[in-house]
Each structure stands twice: as structure tokens, then as C-alpha cells.
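Encoded as C-alpha cells, the structure appears first; notes follow it.
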Amino acid sequence: MNIWVPEKHNGSVMVWIFGGGFFSGSPSLDLYNGTALAVLKETIVVNINYRVFLEYFRLGPFGFLYLGEMSSAPGNMGLLDQQVALQWVHKHISSFGGDPSKVTLFGESAGSASVTAHLAAPYSYPYFSRIIGNSGSIMNSWATKTPEAMFNLSMKLAERVNCTKKGFDEDAVHLCLTSLPASVIQKAADEVTSETSLPMTFGFVPISADRNFFKGNVFDRLRNGNIKKNVDVILGTVKDEGTYWLPYYLSEYGFSFNHTLPPNGRRNKAMITRTQYRKSVQTFMPYFGESPLVENALLYTYENVSNRADMELNLRDGVGRFIGDYFFTCDVIDFADVISRIIKGPVYMYYLTMRSSANPWPKWMGVMHGYEIEYEFGQPILRPELYDQTRLKTERSFSKYVMRLWMNFANTGNPEKRWPKYNVKGRKTLVLGEKSTNGTPKIIFDVDGPNCRLLEEAKSYAGNGTMQILTVLPTALFAAVVAGNTINTTTLFSKNTVITDLGKIQGVAQIFDGKRVTAFLGVPYARPPINKRRFTEPVMIRPWAGVLDATKPSPACYLTMDATFPNFTGAEMWNPQNGITEDCLKMNIWVPEKHNGSVMVWIFGGGFFSGSPSLDLYNGTALAVLKETIVVNINYRYGHYLALPFHDKNTVGDTCSPIGSSSVKVTMKFMQMQRNSLNAMVIGSFGGDPSKVTLFGESAGSASVTAHLAAPYSYPYFSRIIGNSGSIMNSWATKTPEAMFNLSMKLAERVNCTKKGFDEDAVHLCLTSLPASVIQEAADNVTYETSLPMTFGFVPISADRNFFKGDVFDRLRDGKIKKDVDVILGTVKDEGTYWLPYYLSEYGFSFNHTLPANDTRNEALITRPYFRTQYRKSIQTFIPYFEGSALVENALLYRYQNFSNNATIKLNLRDGVGRFIGDYFFTCSVIDFADIISRIINGHLYMYYLTMRSSANPWPKWMGVMHGYEIEYEFGQPFLRPELYDKDYLETEQRFSKYVIRLWMNFANTGVPGKSWPKYDVNGRKTLVLGEKSTNRTRDIIFDVDGPNCRLLEEAKAHAGHGFTLKKYIERKLKKQKT
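Each residue of the sequence shown is one higher than the last, beginning at 3 in the working numbering.
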């Protein structure tokens, strides 16, 4: 709250509650500056804040969200905020010199609705003695919703942010909502409000009945007279309550406002036609049940309300008056009528007609909603520069007059002797206008009486005599939940619905190449990994009631977007486009109308710090249709969510679990459950053949795929794997538990979660309580500070008791991996070039994405290989991997300086750096892994080497066949997105894509990709080249890909490691020892 205490005061306290439709507002607006009011009228002014809508829900219980009266979000928390603030004032205002018995509440619009709500809140009674309400009451149609309606809206919000996967369990929904970023909730709340609310009905507002604030139903309290009786009241409205809303709700019907033009120019006069008038009024007919009778009566009543000679002006003014009457004036009068029969103190009514010269809206909009406030707070005195200087004296006098009335009332309960009390018979109302400054009070009777009585009759007629407006009708949804019944929130369309053991799933039909495929997008496979489950193992999803909507792709797990090259396709293509969230354990499934039961499960890459199953690149439509297979893209946690090593409380020791890989394992189990079928008339059986599941992935996805070979609990869930450009043996793919524990604790320390020391339970509890964004930023920082280039921060640990059930490298050493499996592994020609602009830009590899990719300034022509040259420095960047060995450094500098045999030395050096990075971090480790498993598995092993550069690749051509650019051919992108490709080369690329897909599907179906593809073994190392010639049925077989380079790197690692290398350890060339 904000408090103003003047040097001289009489102990009276004015407590302001701001308005804003319960969706916006602040106690600290310049308009609400309490200085002038406090000084001029010698009173203490208090402006309180309260939660509105959902903006501050992360700071405590929800403002007006309602999940049931016994739930953790019982509604009306914003009103309870106000009540606690009033309690504070009551207890502590005496410390400021205030008198707790002389507290007057005042507010405007939703603030006035709040002020009047406290009349019906028993626990608020002791905290005030008088109220002043401007332009609103708790009886206004927009001020409340029934608990049923608010529950319905709250659950729509929960459903929108995927918090109803467990059905409509209030506690689960509340837990889910409290775990999401405020921005996600706010956006969803805006959307559901827009979709479900009529104009002038606000979304999340107080509920009309509760156990905490009203302690019953507010309207029953008013009906039975159970409200605070020893209270004095001022209520009132302004002349043109409705005009403020016209540009917001009726701009399409002639009420648009161009704020860049002078407000009083002709183009801002809103001279509407009769058709626009009719459509404007019709906009609000749903409030009256679309009754033609009511519609015509209202059209007639308001078309001449201002009695102007100009019809267009009459119509314009009529719409504004109708909105003002229906949504403000008449309900305030109704409230005055009701309480005048109940309370013991007097009721006074005013009607304000003074237009402020500081009002920047067009003059025709008159005395607008909210524009009385400046006079209550003395703005003409505080901010004279805002006013027409020729009228300033008059407006200052008027402001002082209003403040004097308010303070007389606050002190005595009587604002002025000449202001008559209000009662339902005479409805005497004091006009507050320019003439008031001359000491001439004007009294009017029955303000807007005829119009209000017509509207009351219209409401009664539309509500069959009940006067119950549409916005508060109870819903079937609420009734079903309260009764404990299962409810179906999605219409069932049998053609796109699958029935699983977990429940029904609604997908979306797609057509590709004239064939039908049904996509089931964003299907959850595990319970949301939020709150206490944030860093723990995934838990299988529970069965759900009704039909699960699976028409939107899975969002990405929480990550930091790549912003290195903004708006450049080569970088942006890897950024998820459909949102990030912690509630991300979902999958996308494509089921073609005709398929053979085989299932291809894709695990995306991204260095274990980024990625999404829903990238456009991974669209499974073409692959599913062209090769008649079910395609499944799974999501998993990465970064610090993947690998924070909290110890297994059910076991002894300090081993930990790589939860990202566990997510994949749970997904496999989920897929085994899908043995039900789609409607046989449309797409046949959904469940594929559990014996024909092939895992495939790229980079970190390939490391994940190969990790499952060493994960015993994963063995039953697949029979074949395809790994592109990565394996679990790659240097960046794992860290030891010790290294990961240390990194995790550095993260915990960075976010102040080690104040109790390094106690794991305390650290875990602390980390689960922090916003995801805070942890993400800290994880990025500690990764940057502690990692070498091409070493990613939070990655799988190499040993645990849950996934690997031991050390993965001991399993490889001892041959304890899945043996009944067929394997394809491979790399691309230029694995290393993608990373050059990211890690070596300071050494000549900078990339200007605002220039054409193949501009000479993007050719990265680095200088000669002498001391301190860019080539040397580039290689030296990675020498810490070899313990800083000068011997290794010089060997590598020599080996890679002439690698590409170009005539130009600059090209040789440039290409040499790229090849070194590709060899060391990708190609050689994949070959090592192939060598090792070739001796263990019983199935077939095949190797490929891809040399086909995509014409859709937006990076410079010198970067070649880059890391990750085989994926588009696997997924049929040349068919799905032909516009991305060189039209002269498109046919060739489509043939190549079909060829790759055919190999993959032959392999998935039989274990043999093609007769001309030789098996791989450690002796011959035969590898199939996948390149342009492949489209002409030319089969190139090469031997010992990059063998000399890889052997040199192995020797270099051995030298730096005092004879130890991971490969030698696994191959039993060394004694068993700790890695």
C-alpha cells in the first residue's frame, strides 16, 4: 500500500481501492497520488494493492481463479487481499496518527464493486465505517460470476496450458498451474477470456458465493439483509459511462479511434450509419437471449436519446448511453435501491456532469467513465499543466468542492446539508457539475429511470422472469465435476480417434501425396515433471477421462533459444516455434492409413541442451506415408533438467540417474501399450508391431539411441537402431557422476541453494521452488564458465543405478549390452564446420548472417600457419583436451594444414580446422563405437558416410555436408517443403530422399537395408557412401573412413592420458580401472 500522512490531520483515513475490471490496475498511478487530498482535507490517504486477474499469482494463491471451495484456489483471493490490507490499516493506522473508527473506503468501477463487496463480507465489517462508490457495485453484471461459471473458466484455462491431463482434479490442476511461468498463464488467460466472454464481460472476477470472504452468497445476503448496517454510503455515476468502451468493443461499427490524429478531428467523430447503430446494439443481444423483441425495443429507445438534429450524432450517442446504462448506471441505482432499505446510515447519490479539460479523448465522448477520479484526488492542483488554462480556476474550484464533500462525509457521515438522502421512492440525486462551484446545488430525480426500467424488463423477459444473465448461468461441466463424474470435454470424431489403455486420443487428419495420415500431436507419456518431480525420474502418465486433444505439436522442454544469428534460417531452424515449458514429456505420432506395423521412433539431438520433437524438420508425415510406417517423435528433458544427480533414496551409494534417458525409456513402455486400434473403417490398427520398433536419432539423439543398448530396462522396447553422427562414446555425450555432481552443485550455489551446505535434499527442495527461468540462466552461466568448447554442460552421467544400472563403459567393456539388435551408424562428410562460427569466430570464422551466405566476406579465409595465426589459435583452442601437450599440438597442426589438398593455402587451413573438429568430436568416436559393438552384438551392423549437400542448406557452400543436414532426407523434406530447394536440383534431391527412406525402411522391416550394402566389421570397416551417385544406383564402398586421422587422434589422447583412452579401456587393452 501507499500511505500519505499530512503534517496536520484529524485522524480520518481514506482508503482507496482502484478499478480496472479486475484484470488491470495499480495503486500507484499518477492519477491516484494522494498528496493533494491528504493536505487539502487534512486526512490520511491509503491506496491498497490487490491481486487482479492472474498477473501476480506466482506470489501466492490465485487472485480470482477458482478450483472449488475446498481447493487450494478457493476464489476471491483478490478480495481477501483487500481484507487483509484493511485489517492492517485497522491495527496499525494509529501509529500514523489515524483513527481506526474513522476509516472510509472509496473506489471506482471494479474498485467500487470491491468497496461495496465489503458491505457483505462479515470479516470486513470492523475495518470501516463509511464507503464511497464511483460507477460500480457488486451488483454490476461484470462484477461477479457464479462459482460454477468461474470454475468452468478456470478449468478452460487449465486445459489450455495442459494442466488437466489427470482430469479435473483440483489439487493436480493447482499444482500444475503454480509451476508454470506467469507469462504462459497470462497469455492463456487472455485467450480463454477472449474466446468465452461477451463484450463487457471480464474474465476472472470475484465469485458470488464462497466460504472465506462472503461466507455465503452475496446476493442471498443482500436479499436477506445480512450486510453491514451501521454504515454511511455515497454512490454515483458519471454522465457518459459508456463512451470509453466504444473504441475497444465496437471499432468495426464506426467507433474506431485513430490516436495519431487530433482527437476532435472529423475522422474521430464516429458519425455512424443506421446499420452500424443496429449492429452495435446487436453486439450485446446475447445478454438478452437474442430476443428480437428486446432488440427492437432497445433500438427504438436509444436512437434519439440525445435529441440532436443530426441523426448520426443521435445514433452515436445512443450506443454510448445504452452501454453506460446497462453496464454501469442502472446497476448502481439498483444497488442503491437495495441497500437503502437495509442499512441504518444514510445513502447519498450523485450524478457527475463535469468534463475535464485534461481529458484527451474526443469531446463528443463527454464525461467519461473514470474521469471523476482526478477531481477526488486534486489533480487540477497537482498537475495544472494538464488542463486548459482558461478553465483551470474553475476545475480547481470543482476539485476542492468534491474533496470537501468527501471529507465532510468521512468526518460526519453527511457530505452537505443541501444534499438530500437517497431512497427508493424519490431517488433524489445531486448533480456534480460546473454550476456546483457557484454554490448552486442541482437535484434531479430518478436518474435514467425510464431507460433502467426498460432494461430491467428486458432482462426479466430474457431470463424468464429470473433476471439471470448469461454470464452467470451454471454449467454442466461444473455439475459433473462436483458430482464426481467423468466428463468428456472434446467432441469425439471417430475417424481421427484412437482408443488406448490410457484413454481416447483425438488426432488430426492430414493428406500427403493423395494419401491420408492421422497425426496425434502432443500426446503425454509421463506425468508433468514439475515441482518436486522437476529433477526426478519420469512417472508413467495416468489414464485420463474423456478424449485427449492431440491436435497441437508437443512444446519444447525448457531451454535457452539460440540467438546468435537472429532470423537466419540456418540457426532458427533448430529453435522450437511452439513454446517452451517444463510440462513437456509428450510425443507426436503419425499414423498413415496404410502401414505394415513397423514403428520408427525419433530421438532428436541438440547437445542435450536444446531441441524439440516438433521442429518442422522432423515432420513425420512424408516418412509415414511414403514408407507405410508409424512415426513417433518423442520429447525428453535436457540440460540441467536431464542430469541433475540427486541420489536414489531407495539404494545405498552415490549413483545417480540420467533422467532424460529415463524419459525415453518410459516412452518406449508407453509405445508398447499402444496395441489398440483406430476405427477400422478409416485407418485400421494404430498399435504397431512391438517386435518392429526401430529407434533413430541424430547427434545427441544418436547418443541417446546407442545409450539404450546399455540400458537393461530398455531392451524389450526396440529391435533395431539407426544412429546419425553420434554415440554414447562421443566425448560430449557423458560425464562421470562426480563431474556432474560438482557442476550441479555449482549451479545450486549460483542460485543460493547451498545456504544449508551441500545437503542434497535441501538443495533439491530449493531448486524445485525456483522459477525455471532463474535456473536456466544460472545453468547457462555455469556451463559457459566451466566447459571447454564442444563440451556441453549438463549431459547424461556415465554410471547410475536406474538407467545403465552400472557404468555404461564397463557394460561395453564386458559385453553386457543388448545383443539381439541390428544397427546402422554413420556420419556426414563435414561434421565440424557447423561449429566454427559458434566457437571460433574470433579466429577468422565469423559469419555475417545479414550478408549473402556465399559473399566473399563469409568465406573464412584464415591466415598462414605461423605463430599466433588464426589457424594455430583455432587448433590451440582444443589443446586442453590433450592436457596442453605441445607434441600433440604440433602433430595436429601439421596433419590438418593440407587436409583438403586445395591449391590455395587459406582454403586448406580453413577446411583443416573443420575436419579436425569433425574427426575428434564426431566421426572417430562413432567409428570407435562401431568397432566395439561389432564384436558384441548378434545382429547386423552397417556404416554409411553421407556426402550429399542439400540445396536448401542456407550456410556458405564451403561448409559442405554439415552436421545435421542428413535429417531432411530421412524425413522427406524435399517432398514436404519443395519450395526450399533449388528447383533445378529438386528432382535429384527427391530421388535421394526416397532412396534413404527406402534403405531405412528395409532395415526397419528386415534388418537388412539393401543387398549391396556390406556389413561392417572391425577388419574391413566397409562403409557405404550415400551421395548424389546413389540416385543413379551407383554404390560406392569405402574402407576405413578417416582411419589415419582417427588413429592419430587416438594416439594423441593416449599420450595426453598417460596411455589411457576410453577405447583402449573398453577393448580391454588396459586393466579395469575407474574412468
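For every residue, glycine included, the Cβ atom is placed at its ideal position computed from N, Cα and C. Model, not experiment: these values are computed from the prediction.
For Gly846, I'd like the list of residues in its chain whose CB is within less than 6 Å of its CB, leaving aside the five on either flank, ordered along the chain.
-> Ala862, Ile864, Gln872
Curious, which full-length alpha helix (DSSP H) runs of at least 4 residues does the region 155-194 contain?
-> Fully enclosed alpha helix (DSSP H) runs of 4 or longer: 172-181.
Buried versus exposed call for Lys427 [16 or more other C-beta atoms within 10 Å across all chains shown] | exposed
Could you spell out the range, first to last residue, of the beta strand (DSSP E) harbouring Lys996?
-> Unbroken run through Lys996 is the alpha helix (DSSP H), 988-1008; no beta strand (DSSP E).
Between which two residues does the alpha helix (DSSP H) containing Pro1096 stretch?
-> The structure shown has nothing for residue 1096, since the chain only spans 3 to 1077.
Hey, out of Asn804, Ile877, Trp144, whose CA is closest to Ser111's CA?
-> Trp144
Just reading off the beta strand (DSSP E) that Lys1024 is part of, what are its end residues?
-> 1024-1028
Per-residue DSSP class, three states only, for Lys417 | It should be pointed out that residue 417 corresponds to Pro in this sequence rather than to Lys. If DSSP states are grouped into helix, strand and coil, Pro417 belongs with coil.
Whole runs of the beta strand (DSSP E) within the region 86-133, excluding any shorter than 3 residues | Restricting attention to beta strand (DSSP E) runs no shorter than 3 residues, the region 86-133 encloses them at 105-110, ordered along the chain.
Spell out a yes or no on whether the region 293-306 and the region 383-400 are touching, meaning 3 or more CB-CB pairs, one atom from each, closer than 8 Å.
-> no
Counting Cβ pairs closer than 8 Å, one from the region 200-209 and one from the region 277-296, do we hit at least three?
-> yes
DSSP three-state call for Asp921: helix, strand or coil?
-> helix
Closer than 6 Å by C-beta to Gly23: which residues in its own chain qualify, once you throw out the five before and the five after it? Chain order, please.
-> Ala112, Phe204
Distance, Cα to Cα, Gly1022 vs Met945?
-> 11 Å
Among the residues of its own chain, which have a CB less than 7 Å from the CB of Asn410, if the five just before and after it don't count?
-> Asn416, Pro417, Glu418
Scan the region 736-810 and note each continuous alpha helix (DSSP H) run of 4 residues or more that stays entirely inside, going in chain order.
-> The qualifying runs are 739-752, 762-771, 774-788.
DSSP state of Lys147 mapped onto helix, strand, coil | Reduced to three states, the DSSP call for Lys147 is strand.
Using 7 Å as the limit for Cβ to Cβ distance, is Gly548 near chain D?
-> Although the question refers to chain D, the structure presented lacks it and comprises just one protein chain.
Can you give me the Cβ contacts of Val7 inside the same chain, cut-off strictly under 6 Å, excluding the 5 residues immediately before and after it?
-> Ile46, Phe98
Thinking just about the alpha-carbon of each residue, which of Glu254, Gln508, Asp336, Pro124 is nearest to the one in Lys231?
-> When the alpha-carbon of Lys231 is set against those of Glu254, Gln508, Asp336, Pro124, the nearest one is in Pro124.
Taking the Cβ atom as the reference point for each residue, do Arg323 and Val307 lie within a distance shorter than 7 Å?
-> yes
Mind checking which residues open and close the alpha helix (DSSP H) that includes Asn226?
-> For Asn226, the enclosing alpha helix (DSSP H) has its first and last residue at 220-226.
Who are the Cβ neighbours of Ala848 in its own chain at under 7 Å, not counting the five residues just before and after it?
-> The question names Ala, but residue 848 in the sequence shown is Ser. Cβ-Cβ distances below 7 Å link Ser848 to Pro839 in the same chain, with the five nearest sequence neighbours on each side left out; the list follows chain order.
Spell out the partners DSSP gives Pro594 in its beta bridges.
-> Val519
For Val194, collect the residues of the same chain with a Cβ closer than 8 Å to its Cβ; drop the 5 residues on either side in sequence, then sort them by chain order.
-> Leu155, Lys158, Leu159, Arg162, Gly205
Cα separation between Lys694 and Ser196?
-> 46 Å
Taking buried to mean at least 16 other C-beta atoms within 10 Å of its own C-beta, is Leu790 buried or exposed?
-> exposed
Cβ distance (whole Å) where Ile826 is taken to contact Pro568 below 8 Å | Ile826 to Pro568, Cβ: 36 Å. No contact.
Residue burial classification, Met1103 (beta-carbon count within 10 angstroms, cutoff 16) | With the chain running from 3 to 1077 in the structure shown, residue 1103 is simply not present.
Pick helix, strand or coil for Ala713, following the three-state DSSP scheme.
-> coil
Report the residue from Ala888, Met313, Trp546, Leu617 whose alpha carbon sits nearest the alpha carbon of Asp503.
-> Trp546
Considering only residues of the same chain and omitting the five flanking positions on each side of Asp1038, which have a CB-CB separation below 6 Å?
-> Val1027
For Pro29 and Arg12, believed in contact at Cβ under 8 Å, the rounded distance = Before going further, note that residue 12 is Asn rather than Arg in the sequence given. Wrong, their Cβ atoms sit about 23 Å apart, outside the cutoff.
Do Asn856 and Lys1017 have their C-beta atoms within less than 7 Å of each other?
-> no
Where does Pro718 sit, in a helix, a strand or coil, going by DSSP?
-> helix
Quick one: what's Asp526 bridged to in DSSP?
-> At residue 526 the sequence reads Pro, which differs from the Asp that was named. Bridge partners of Pro526: Lys588.
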